[in-house]
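Structure record follows, encoded as structure tokens.
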Amino acid sequence: TVTKKLPKDFAWGFATASYQIEGAVNEGGRGKTIWDTFSHTPGKVAKDDNGDVACDTYHRWNEDVQLLKNYGAKVYRFSIAWSRIIPLGGREDPINPEGIAWYNQFIDALLANGITPFVTLFHWDLPQALYDRYRGPLNTNEFAADFERYARVAFEAFGDRVRNWITFNEPEVFSTGGFANGVHAPGRTSDRSKSPEGDTATEPWRAGHSLLVAHAHAVKAYRADFKAKQGGQIGITLNGDWAEPFDDTAENVAAAQRKLEFNIGRFADPVYLSGDYPPSMRAQLGDRLPTFTKEESALLKGSSDFYGMNHYTTNYVWNRNEPPTLDDQLGNVLKGFISKDGEELGPPAESPWLRPCPWGFRKLLNWLWNRYQTPIYITENGCSVKGESDLGVEQAVHDTYRVNYFKGYLENLLLAVFDDGVQIRGYMAWSLLDNFEWADGYTCRFGVTYVDYKTLERTPKESGKFIKKFFEENVEA
Ligand code: GCO
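In structure tokens form, the structure reads like this:
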């Protein structure tokens, strides 16, 4: 039998994000972020953990580069902390040369080891000063102007060597977690006991809207002033679970489609399809959903060179018969992990929202390809393992559950490419390291590398070795 192989330049590797790994929050001139504030507010994060030290990558960056090299990674996706570059964040605020120097040495070390950087500009760690000044993304024009300036500073400083840019990571999770249910920074929610000023009827939609407008401006700046001389590409990364209709009744098939439109189409339609939100969202939300100006809409349409896909799991979805609540972020559907025949979707992970479902990955790849016809990079995929945090390093490195997860998902990636014709250009596993898992703190590990949070020692797990072997076997030499 002839085994088909992925092309030699297939961009495979691992992903992380600044606040989850860097630590050193008060070093190098870094400004405070909304995640510093949130994680230091008692009761917001499991065990009141915070990112003050995290994986200490700020000091141990060279160990991370060596790990990547040992795994054979071709690419590494990491994010820049806006407040290391511009501590107060705003367009009139000073630039911090120490922050630029830190990322410069890191980027140079990656390149010296043959690893191509994929750089995310915003992975949720908004400078606190911008939140204090104008509530960050709740003020679209201020936020977009400040983000554009920050992006320009990054293109200018790093764009001679960084050729792969991602503006925003998961605007859907950022806006829902930060402005609807309040489980992420800045923790605004309609639960008045937790956030007296929040307004979930409009804030999450406004926050997501601002990220889209800011994305459009940053991409315009890149294309106008940097792309030609630097020769790179720029896009956005969107999360999305597959929504499998609970049964084939028309109302549940429609419900699953509506959920995909609310969670994915909300950001992907403006960028890859129509320059506007899906009609199903306008129908439900009316003028609670902001509108784009003509210029914004024109700027947004076609504003990504690739589709950055973060994907973890699948849900069964069915129609919710009651009228939508003001808090609803899903498109008035209900979801679960149990099929109509009572079968559970994959064994539990440590994260309650995650069940392995490799066929759902393939279905979503096809849905995205059919609807948006844009080459895909999988910019995150991975899982936590139930009970892993209770194990010592000797046991934790035998992460069979995670190996099986990657095996299933990567086999389906090959099916999507070779049997279905989906254009996939890269795959970045989440995550290179166990790290600060947002509201779950350090209780929940996603790494292919075990991190001992006392000694900060890194030890490769079997899943990391599995990924290395998988791509050695499935990419042309
Ligand atoms: C993201 C993700 C990561 C998480 C991962 C596991 O939004 O990009 O939230 O930062 O750690 O998805 O939950």
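For the sequence shown, UniProt numbering gives the first residue as 2, with consecutive numbering after it. Ideal Cβ positions, reconstructed from N, Cα and C, are used throughout, including at glycine. Nothing here was measured: the structure is a model prediction, and the numbers come from that model.
Put simply, the segment 58–69 touches the segment 100–114. At least three CB pairs are less than 8 Å apart.
In this structure Gln106 is exposed. Its beta-carbon is surrounded by fewer than 16 other beta-carbon atoms within 10 angstroms. The shortest C-alpha to C-alpha distance from Asp288 to any of Gly236, Leu327, Gln424, Val449 is the one to Leu327.
Contact between Trp431 and Phe447 holds, with the beta-carbon distance rounding to 6 Å and staying under 8 Å.
The C-alpha of Asp420 is placed about 43 Å away from the C-alpha of Val46. For Lys221, the enclosing alpha helix (DSSP H) starts and ends at 204–226. Cβ atoms of Lys462 and Thr450 come within 8 Å of each other, at about 6 Å. Contact between Tyr273 and Tyr373 is confirmed by a C-beta separation of about 4 Å, below the 8 Å threshold. Taking each of His124, Phe227, Thr117 in turn and checking the Cα distance to Phe156, the smallest one comes out for Phe227. Thr38 sits close to Gln129, with the two beta carbons spaced by under 7 Å. According to the DSSP assignment, Lys260 belongs to the alpha helix (DSSP H) that extends over 251–261. Relative to Glu473, the option among Gly73, Trp62, Glu297 whose CA is nearest is Gly73.
Residue pairing by DSSP places Phe407 in no beta bridge whatsoever.
Annotation for Asn71: the continuous alpha helix (DSSP H) segment containing it runs 58–72. Annotated three-state conformation of Leu122 is strand, per DSSP. The DSSP-derived three-state label of Gln106 is helix. A distance of 7 Å or more separates the beta carbons of Ala12 and Tyr59.
Around the C-beta of Thr17, 16 or more other C-beta atoms lie within 10 Å, and the residue is accordingly described as buried.
By the beta-carbon neighbour count (other beta carbons within 10 angstroms, threshold 16), Arg259 is buried. Excluding the 5 residues flanking it on each side, Ile425 has same chain C-beta neighbours closer than 6 Å at Ile377, Val418, in chain order. Cα atoms of Trp319 and His216: separation of roughly 33 Å, rounded to the nearest angstrom. Taking a C-beta distance under 7 Å as the contact criterion, Gly30 and Glu99 qualify as a contact pair. As the crow flies, the alpha-carbon of Phe175 is around 19 Å from that of Cys384.
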